[in-house]
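*Asks:*
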Ligand SMILES: *[C@@H]1O[C@H](CO)[C@@H](O)[C@H](O)[C@H]1NC(C)=O
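In the numbering used here, the protein residues as written are 1035 to 1295.
Here's what the structure looks like:
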């Protein structure tokens, strides 16, 4: 009996509950849709405001394509750009100050920059440096800066700082001051120069010196572009610069090579 009575009640209630659930469900869906719409609009606004930072004004590529374009651009091959120096050489100072650094500020993203050193490898696995053992030490400190901080903006700035006061290389005070100025950890630099009783630094210097010898470079400072001598600074003067020593001409040459690569 009870079952008989309760059945119609259940039957009456069921559709009610269902309608109720449907209403709740549709309200929930509406809210969810609204939330998603708001989120998407918000998200797209953020994407488009970021995209402005990367895309030239004329471009109206969707953001998905921008992401694809970036690696393609950076995969373009970089132009080899190299300066061969000795750390205690006034020509290296002039060359870095007047040509290499100002050029690098404008084309650092188009070149593969290498700083190499000039010296003579010795029989006993050492290196002779023109301005004495202090210069070899200076070269090693600069190579260590490169080893620890591969970004040319850091190690080249540091090298420029030392070379401005090249007579004091490798005095600790100068190295500390320049390290501080370029956010280089002096202790790390010192550890690098002293690693394996100095053998690590000497091996880097021998490798660098061999690179200069193989390129036929003997004078500090020699600037090479695309593996060819571009300009030489020697005895306070520019020589062997068929395109002239101006930074602008060097930049034009880099951009031309970069575009044709
Ligand atoms: C940059 O040049 C060095 C020395 O020639 C080479 O070992 C390195 O692979 C080059 N890197 C790029 C990214 O071209």
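By construction, the Cβ of each residue, glycine as well, lies at the ideal position given by its N, Cα and C atoms.
Note that the coordinates shown come from a computational prediction; the quantities given were computed from them, not determined experimentally.
Using DSSP's beta-bridge definition, name the partner residues of residue 1155.
*Replies:* Indexing the chain shown from 1 puts residue 1155 at position 121. According to DSSP, residue 1155 bridges with 1161.
*Asks:* Rounded to the nearest angstrom, what separates residue 1110 and residue 1292 at their Cα positions?
*Replies:* As a position in the chain shown, residue 1110 is number 76, starting the count at 1. As a position in the chain shown, residue 1292 is number 258, starting the count at 1. Taking the straight line from one Cα to the other gives about 8 Å.
*Asks:* Assuming the contact rule is C-beta atoms closer than 8 Å, residue 1175 and residue 1223 should be a hit. Round their C-beta distance to whole Å, please.
*Replies:* Here residue 1175 corresponds to residue number 141 of the chain shown, with the count starting at 1. Here residue 1223 corresponds to residue number 189 of the chain shown, with the count starting at 1. Yes, they are in contact, since the Cβ atoms of residue 1175 and residue 1223 sit about 6 Å apart, within 8 Å.
*Asks:* State whether the segment 1252-1262 contacts the segment 1273-1291, with contact taken as three or more CB pairs (one from each stretch) at a distance under 8 Å.
*Replies:* With a cut-off of 8 Å, the segment 1273-1291 and the segment 1252-1262 count as touching, because enough Cβ pairs lie within range.
*Asks:* Do the segment 1182-1198 and the segment 1124-1139 make contact, defined as three or more Cβ pairs closer than 8 Å?
*Replies:* Yes: at least three Cβ pairs fall under 8 Å.
*Asks:* What would DSSP say about residue 1269, mapped onto helix, strand or coil?
*Replies:* The sequence position of residue 1269 within the chain shown is 235, counting from 1. DSSP places residue 1269 in coil when its eight states are reduced to three.
*Asks:* If you measure between the beta carbons of residue 1125 and residue 1244, is that distance less than 7 Å?
*Replies:* Taking the chain shown and counting its residues from 1, one reaches residue 1125 at position 91. Taking the chain shown and counting its residues from 1, one reaches residue 1244 at position 210. It is not a contact, given that the beta carbons lie outside the stated cut-off.
*Asks:* Whole angstroms is fine: what's the gap from residue 1276's alpha carbon to residue 1143's?
*Replies:* In the chain shown, residue 1276 corresponds to position 242, counting from 1. In the chain shown, residue 1143 corresponds to position 109, counting from 1. The straight-line gap from Cα to Cα measures roughly 25 Å.
*Asks:* Once DSSP output is grouped into helix, strand and coil, what is the label at residue 1186?
*Replies:* Residue 1186 sits at position 152 when you count from the first residue of the chain shown. Helix, per DSSP.
*Asks:* At a cut-off of 6 Å, is residue 1282 close to ligand 1 when judged by its beta-carbon and the heavy atoms of the ligand?
*Replies:* Here residue 1282 refers to the residue found at position 248 when the chain shown is read from its first residue. Outside the cutoff, so no.
*Asks:* In whole angstroms, give me the CA-to-CA distance for residue 1236 and residue 1134.
*Replies:* Mapped onto the chain shown, residue 1236 falls at position 202. Mapped onto the chain shown, residue 1134 falls at position 100. Computed Cα separation, rounded: 25 Å.
*Asks:* Using DSSP with H/G/I as helix, E/B as strand and the rest coil, what is residue 1257?
*Replies:* The sequence position of residue 1257 within the chain shown is 223, counting from 1. Correct three-state label for residue 1257: strand.
*Asks:* Secondary structure at residue 1193, three-state DSSP: helix, strand or coil?
*Replies:* As a position in the chain shown, residue 1193 is number 159, starting the count at 1. Helix, per DSSP.
*Asks:* Around the Cβ of residue 1254, are there at least 16 other Cβ atoms within 10 angstroms (buried) or fewer (exposed)?
*Replies:* Position 220 of the chain shown, counted from the start, is the residue given in the question as residue 1254. When all chains shown are included, residue 1254 counts as buried.
*Asks:* With residue 1114 as the anchor, note down where its alpha helix (DSSP H) starts and where it stops.
*Replies:* Here residue 1114 refers to the residue found at position 80 when the chain shown is read from its first residue. Looking at the DSSP string, residue 1114 is not in any alpha helix (DSSP H); the run it does join, the beta strand (DSSP E), is 1113-1119.
*Asks:* Are the beta-carbon atoms belonging to residue 1297 and residue 1115 less than 7 Å from one another?
*Replies:* The structure shown has nothing for residue 1297, since the chain only spans 1035 to 1295.
*Asks:* Could you give the distance in angstroms between the alpha-carbon of residue 1215 and the alpha-carbon of residue 1196?
*Replies:* As a position in the chain shown, residue 1215 is number 181, starting the count at 1. As a position in the chain shown, residue 1196 is number 162, starting the count at 1. Each residue's Cα considered, the two are about 11 Å apart.
*Asks:* Tell me whether residue 1122 is buried or exposed, calling it buried when 16 or more other Cβ atoms sit within 10 Å of its Cβ.
*Replies:* Along the chain shown, one-based indexing puts residue 1122 at 88. Buried is the call here.
*Asks:* Any heavy atom of ligand 1 inside 6 Å of the beta-carbon of residue 1112?
*Replies:* For the purposes of this step, residue 1112 is taken as residue 78 along the chain shown, with counting starting at 1. For ligand 1, at least one heavy atom lies less than 6 Å from the Cβ of residue 1112.
*Asks:* If distances are taken between C-alpha atoms only, which option among 1249, 1173, 1206, 1153 comes closest to residue 1164?
*Replies:* One-based indexing of the chain shown puts residue 1164 at position 130. Looking at the Cα atoms, 1153 is the closest of the given residues.
*Asks:* Can you say whether residue 1233 is buried or exposed, counting buried as having 16 or more other CB atoms within 10 angstroms of its CB?
*Replies:* For the purposes of this step, residue 1233 is taken as the residue at position 199 of the chain shown. By the neighbour-count rule (16 or more Cβ atoms within 10 Å), residue 1233 is not buried but exposed.
*Asks:* Given the structure, does residue 1146 come close to ligand 1, in the sense that its CB is under 6 Å from one of the ligand's heavy atoms?
*Replies:* Within the chain shown, residue 1146 is the residue found at index 112, counting from 1. Result yes, Cβ under 6 Å from ligand 1.
*Asks:* What residues in its chain sit with their C-beta under 6 Å from that of residue 1246, if we drop five residues either side in the sequence?
*Replies:* Here residue 1246 is taken as the residue at index 212 of the chain shown, counted from 1. Closer than 6 Å at the Cβ level, and outside the excluded window around residue 1246, lie 1118, 1150, 1152.
*Asks:* Looking only at its chain, what residues have a beta carbon closer than 8 Å to the beta carbon of residue 1202, apart from the 5 residues adjacent to it on each side?
*Replies:* Walking along the chain shown from the start, residue 1202 turns up at place 168. Here the set comprises 1208.
*Asks:* Less than 7 Å between the beta carbons of residue 1204 and residue 1168, yes or no?
*Replies:* Within the chain shown, numbered from 1, the residue matching residue 1204 stands at position 170. Within the chain shown, numbered from 1, the residue matching residue 1168 stands at position 134. The answer is yes: Cβ separation under 7 Å.
*Asks:* Do residue 1182 and residue 1238 have their C-beta atoms closer together than 7 Å?
*Replies:* Taking the first residue of the chain shown as position 1, residue 1182 is located at position 148. Taking the first residue of the chain shown as position 1, residue 1238 is located at position 204. For residue 1182 and residue 1238, no; Cβs fall outside 7 Å.
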